[in-house]
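Numbering (the numbering used here), first residue to last: 966 to 1075.
Quick look at the structure:
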């Protein structure tokens, strides 16, 4: 009988490189940040990001109300049928010197 061939060794598991995500920072009250006077460049960038996200949410709400008003709903009807849900905290991360904000409102039926 011929000698057995040795089994090949199991290939070592190749670990995929872990891509580190920037740390997410949270602001408990973005409205107060939007009205503060910043002292550093980072504070200016954060304030501008907060203002931009709040403006985007406001624009979405105004567009929704305009659309519903055009459909014949009164403001009282819109107020009683729909609600705006906002996140409790304003999240942002610093990605390569840029601030990436996370704050989106949602309009839901009551």
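Here a beta-carbon is modelled for each residue, glycine too, at the ideal position from N, C-alpha and C.
Review point. Do residue 1055 and residue 1046 have their CB atoms nearer than 9 Å?
Key: By one-based count along the chain shown, residue 1055 stands at place 90. By one-based count along the chain shown, residue 1046 stands at place 81. Taking 9 Å as the cut-off, the beta carbon of residue 1055 is found no closer than this to the beta carbon of residue 1046.
Practice item. Go to residue 1065, then tell me how far its alpha helix (DSSP H) extends in each direction, as first and last residue. Key: Reading the chain shown from its first residue, position 100 is the one you call residue 1065. Annotation for residue 1065: no alpha helix (DSSP H) segment contains it, though the beta strand (DSSP E) segment containing it runs 1063–1067.
Check your understanding: Based on Cα-Cα distance, which residue from 973, 992, 983 lies nearest to residue 1057?
Key -> Within the chain shown, residue 1057 is the residue found at index 92, counting from 1. Put simply, of 973, 992, 983 the residue whose alpha carbon is nearest the alpha carbon of residue 1057 is 992.
Point to revise | Minimum length 3: unbroken beta strand (DSSP E) runs contained in the region 993–1061 | key: The region 993–1061 contains these whole beta strand (DSSP E) runs: 1047–1050, 1055–1060.
Review point. Excluding five sequence neighbours on each side, which residues of the same chain lie with their C-beta closer than 6 Å to the C-beta of residue 1073?
Key: Taking the first residue of the chain shown as 1, we reach residue 1073 at position 108. Only 1048, 1050 meet the Cβ criterion.
Review point. Between the C-alpha atoms of residue 1041 and residue 1069, what's the straight-line distance to the nearest angstrom?
Key: The sequence position of residue 1041 within the chain shown is 76, counting from 1. The sequence position of residue 1069 within the chain shown is 104, counting from 1. Each residue's Cα considered, the two are about 24 Å apart.
Exercise for review: If I'm right that residue 999 touches residue 1016 with Cβ under 8 Å, what's the distance once you round it to whole angstroms?
Suggested key: As a first step, residue 999 must be located in the chain shown, where it is residue number 34. As a first step, residue 1016 must be located in the chain shown, where it is residue number 51. The distance from the Cβ of residue 999 to that of residue 1016 is about 5 Å, consistent with a contact at the 8 Å cut-off.
**Study point:** Anticipated Cβ contact below 8 Å, residue 1001 with residue 1012, distance rounded
**Key:** Indexing the chain shown from 1 puts residue 1001 at position 36. Indexing the chain shown from 1 puts residue 1012 at position 47. About 6 Å; that satisfies the 8 Å criterion.
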